[in-house]
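Just so we're aligned: 639 in numbering that gives the first Met the number 0 is position 640 of the sequence shown, and the numbers increase by one with no gaps anywhere. Think of the CB as a built atom: it goes at the ideal place given N, C-alpha and C, for glycine as much as any other residue. To keep things clear, I will list the structure first and then write my remarks on it.
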Amino acid sequence: MTEGTGKLDRTWRSCLYFVGLFYLFTKTSAQIRYSIQEELKVGSSVGNLAKDLGLDLETVAGRNLRVVTGARQELFQVNQNGGALLVTRRIDREALCAKTTPCMVNLKAVVENPLAMHQIAVEIADVNDNAPVFSDENYNIEVLESATTGARFQLEGAHDPDVGLNDLHSYKLSQNAFFRLETESFGENDKIPFLVLQRSLDREHVAEIKLQLAAVDGGKPQNSGVLNVTVIVSDVNDNAPVCDRSQRSVSVKENAPAGTFLIRLNATDSDEGVNGEIEYSLRSKFRNGESDIFVLDNRTGELKIKGQLDFEENQVYELKIVAADRGSVSLSTQCSVVVKVEDVNDNQPEIEITSLSGRIAEDAPPGTVVALVGISDLDSGDNGQIKCFLPGGVPFNLRPSPDGHFYSLVTSENIDKESMSSYDIEIIAKDLGTPPLCSTKVIHVQIEDVNDNSPLFSQSPYTFYVTENNKPGASIFSVSANDVDEGDNARVSYSLDRTGPGQGITSFLSINEENGTIYALKSFDFESVKTFRFHVIAKDSGRPPLASNVKVNVFIQDQNDNAPVILSPVGTNGSAQGAAEIARYVNGGHLVTKVRAYDPDVGYNGWLLFSLLEVSDHSLFSLDRYTGQIRTLRSLTETDEAEHRLLIGVKDNGNISLSATATLTIKVLEPKEAFAASDVESSVADEGENRLVFYLMVTLGSVSGLLLISIIILIVMQCSKSTDYSSKFLQQDTNYDGTLCHSIQYRSGEKRYMLVGPRMSIGSTIVPGSNGNTLVVPDRRRTASGEDCVYPGWILQHRASQAHSHTGMHADG
């Protein structure tokens with residue numbers, strides 16, 4: 000058989016296999032139908048699907064019996080052990096089918112070996128799990144009180160998502176005397192309730208009727224929903240206004256001014272809306288025929304005086320006032336008001352200023368005369384008798400003359416112009432009438448200033464912040480002083496105090512004498528001077544002048560005016576160039592070298608970041624942007640170059656960043672060269688590291704030495720006190736061995752300490768940092784000559800040194 004013939008046979012066999020498979024898959028049997036209720040418990044059995052399909056129960060698992068629901072949720076699954084169709088999740092008929100009946104879920108049952116498919120229909124029967132509901136719990140309806148009996152008013156219907164007998168069945172209305180309930184059907188399922196008026200309404204008796212409408216379904220047990228119905232009875236104009244009193248009386252004094260309130264009419268109308276709104280009107284004319292002297296507010300019923308009353312002309316006024324509502328057919332009533340006019344003391348006292356000195360100095364003594372005042376009254380008897388006085392709170396008094404017709408206005412105490420620069424003195428004259436009448440007169444007195452206040456600065460002390468590199472001659476800040484005096488006494492001039500603290504600083508400062516603006520005659524450098532202080536003097540122009548001074552603290556703020564300085568690598572000529580060597584066999588992550596830099600600025604201006612500007616092979620080396628460490632990214636291969644050049648940039652984080660660059664040449668050594676150069680490289684690296692450590696250790700050693708010498712001197716002074724006193728005291732110590740000094744050892748964590756001092760002090764000292772489980776024992780050490788050795792406990796530690804520190808912003812990892 001040829002090769003071509005074999006390929007053709009295999010192709011035909013494949014086609015016949017797929018045709019047979021398609022035939023078996025599309026072959027269906029008679030449809031199986033089940034019926035269940037909604038809300039069945041998960042895991043409940045719908046029916047034995049395997050038995051209903053005629054399958055052998057022993058081969059169900061082998062034939063992989065399963066159901067496919069298509070686009071619906073997986074509501075059912077087949078138990079492979081017994082072939083039962085089980086409920087897998089909550090079934091809600093309303094969510095699946097809404098009002099559609101019957102509610103069917105179509106499934107496909109699939110078995111294999113051989114492959115077959117069967118149609119299954121599951122009918123979901125409704126249960127009464129929903130009560131009828133209204134769209135809102137409360138419903139308001141408005142009905143005119145003139146509505147006739149038999150009038151119908153539609154209410155909102157309820158909705159029940161259940162179907163059949165479980166759907167909405169009927170409505171029930173709560174018991175009431177005014178309405179009955181009727182129901183009409185609209186469509187197949189909708190039932191609309193109506194209220195039917197069966198008794199006349201009267202808003203003045205019942206303005207609001209509360210009802211409850213219940214919607215009931217036909218299920219067992221029944222479910223229901225309730226709607227709260229409020230019937231609002233609307234008004235019609237069927238009541239006339241009524242005055243609270245048919246006649247009102249009021250008294251008013253003849254000197255009452257225009258606008259004086261007399262009385263408020265009060266009429267009521269039991270209607271509502273415009274039918275209950277009342278308007279008042281004055282309808283009668285006066286018997287004397289003069290113009291109206293009263294005014295009536297037609298909305299509020301307030302009666303007020305419009306003109307001038309005179310008791311001698313008319314003592315009684317009778318007014319007729321009509322109160323009418325604003326209904327379409329207006330209803331009205333009439334009220335009566337009697338106004339009685341009373342006689343009063345209607346002549347006020349008169350005040351006359353006969354002599355006035357309107358200006359006095361603030362240092363004038365008490366008793367200084369300011370003005371002479373005359374008083375008079377046109378009335379007679381008690382109405383013409385006058386008392387004159389001043390209100391409280393002013394530094395003045397009135398002194399009466401013997402005849403009582405004149406008063407002298409005098410000062411009663413010392414006066415301070417800064418507290419009050421002028422006075423408006425109110426003189427009050429009151430007669431003895433019933434009621435008494437008063438008149439007033441105001442005298443203006445101006446207080447003249449004297450120089451009794453020193454200038455006062457707005458702040459004390461002043462604190463200013465000046466950015467370095469300021470422009471020489473430009474103003475940097477200003478001070479301000481205020482003098483509460485006036486004129487020359489308040490004119491302030493400023494000067495620098497060149498005799499107090501900071502007199503050296505004031506040599507490059509100047510101040511504007513008039514406004515206190517301070518100028519810098521030179522540019523400040525934060526790296527040289529960070530802060531300074533001086534005093535400013537403020538002096539007024541009074542006679543004699545008064546002065547005050549204030550301290551000014553100035554802090555120089557750093558600018559990014561220093562570029563980073565490369566510390567390593569550095570070439571022999573001082574340039575930022577260097578070289579490093581690595582062996583070709585090093586692995587990825589190997590530390591090649593470290594770039595070190597320094598910036599004398601502070602804060603962000605001194606915070607340095609490293610970056611690779613140029614590199615011959617980006618895949619070979621990396622630079623840590625914060626520490627400056629250069630490491631290999633991978634192992635070197637035979638094809639990598641033997642020499643690499645890196646251009647490294649260092650920049651600070653100032654607003655205007657400054658930067659510097661360094662050039663590093665990395666040479667790759669072959670294994671033999673690397674072995675020979677390892678010792679040299681190690682010694683060179685150690686020498687560079689040791690040089691930096693040396694400088695730091697010299698500084699630390701100097702400070703430690705000074706501290707050690709001070710401590711030794713202090714101990715020697717304590718040990719060399721009076722021998723007699725020490726002996727007497729130490730003889731009481733049973734452990735005394737003849738020495739004046741004593742030592743105690745103690746441990747704190749991994750550290751050991753020795754505390755040495757005079758015996759009388761050590762014996763009563765609580766060892767700092769010791770705990771309850773710390774062993775404290777005496778320790779005496781002698782030299783070869785037998786003398787006591789002094790070991791300060793705070794400098795003898797188990798560990799010889801701690802991590803050193805240095806000043807300045809230094810990017811050294």
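With 16 other Cβ atoms within 10 Å as the buried cut-off, status of residue i
i              : result
glycine 366    : exposed
tyrosine 603   : exposed
threonine 505  : buried
alanine 323    : buried
glutamine 153  : exposed
cysteine 437   : exposed
serine 820     : The structure shown does not extend to residue 820, since the chain is modelled only from 0 through 812, so no value can be given for it.
isoleucine 536 : buried
isoleucine 123 : buried
threonine 229  : exposed
glycine 163    : exposed
valine 273     : exposed
alanine 473    : exposed
Closest residue to residue i among the options (Cα-Cα distance)
i                 : options                        : result
arginine 244      : Leu194, Phe523, Arg263, Lys593 : Arg263
isoleucine 385    : Ile359, Ala428, Phe260         : Ala428
asparagine 481    : Val553, Ser527, Val549, Asp423 : Val549
isoleucine 352    : Gln333, Ile359, Asp362, Ile374 : Ile374
glutamine 558     : Val692, Thr299, Asn654, Cys387 : Asn654
histidine 643     : Ala659, Gly403, His617         : His617
alanine 239       : Gly163, Glu637, Asp268, Glu38  : Asp268
phenylalanine 133 : Val142, Ala257, Gly156         : Gly156
proline 256       : Asp309, Asp135, Val235         : Asp309
phenylalanine 395 : Asn511, Arg89, Glu412, Glu141  : Glu412
aspartate 560     : Val551, Arg630, Thr466, Ser199 : Thr466
tyrosine 464      : Arg202, Thr638, Ile555         : Ile555
valine 205        : Lys593, Gly217, Asp234         : Asp234
isoleucine 647    : Leu39, Ile191, Glu136, Gln628  : Gln628
proline 544       : Asp484, Gly218, Gly392, Phe293 : Asp484
Straight-line Cα distance separating residue j from residue i
i              : j                 : result
asparagine 450 : glycine 383       : 48 Å
glycine 605    : glycine 587       : 32 Å
leucine 622    : lysine 666        : 17 Å
arginine 103   : proline 131       : The sequence given here has methionine at residue 103, not arginine. Between methionine 103 and proline 131, the C-alpha separation is close to 24 Å.
aspartate 189  : alanine 213       : 15 Å
arginine 595   : valine 585        : 23 Å
leucine 7      : arginine 65       : Because the pLDDT at leucine 7 is just 41, under 50, the model does not fix this residue reliably, and the value given afterwards should be weighed accordingly. Using only the alpha carbons, I get a separation of about 38 Å.
lysine 521     : isoleucine 475    : 11 Å
leucine 632    : phenylalanine 693 : 33 Å
asparagine 313 : aspartate 376     : 26 Å
tyrosine 625   : isoleucine 712    : 46 Å
alanine 813    : proline 160       : Past the edges of the chain, shown from 0 to 812, lies residue 813, and the structure says nothing about it.
leucine 608    : alanine 582       : 28 Å
asparagine 344 : glycine 403       : 21 Å
leucine 144    : serine 169        : A quick correction: the sequence has glutamate, not leucine, at residue 144. Approximately 29 Å between the Cα atoms of the pair.
glutamate 669  : valine 697        : 40 Å
glutamate 425  : leucine 389       : 6 Å
Any C-beta of chain C under 9 Å from that of residue i
i           : result
leucine 408 : Here there is only one protein chain, and chain C is not present.
CB of residue i within 9 Å of CB of residue j, strictly
i              : j                 : result
arginine 62    : valine 110        : yes
valine 195     : arginine 247      : no
lysine 339     : valine 315        : yes
leucine 281    : leucine 261       : no
valine 441     : serine 421        : no
leucine 210    : asparagine 222    : no
threonine 410  : isoleucine 359    : yes
isoleucine 208 : phenylalanine 185 : no
alanine 519    : phenylalanine 531 : no
lysine 303     : aspartate 291     : no
leucine 95     : valine 77         : no
alanine 370    : leucine 408       : yes
glutamate 271  : arginine 202      : yes
aspartate 216  : leucine 167       : yes
cysteine 242   : cysteine 387      : no
Any non-hydrogen atom of the ligand ADP closer than 8 Å to residue i Cβ
i             : result
glutamate 253 : With respect to small molecules bound, the structure shown includes none, and the ligand ADP cannot be examined in it.
Item to check | Runs of beta strand (DSSP E) wholly within the segment 289–377 (minimum 3 residues, chain order) | outcome: 293–295, 301–304, 315–324, 331–341, 349–355, 358–360, 368–375
Checklist entry - Which runs of the beta strand (DSSP E), 3 residues or longer, sit entirely within the segment 562–631? => result 564–567, 576–582, 590–593, 595–597, 607–614, 620–622, 628–631
Item to check | Within the segment 447–532, ranges of the beta strand (DSSP E) (whole runs, at least 3 residues) | outcome: 461–466, 474–477, 491–496, 508–510, 516–519
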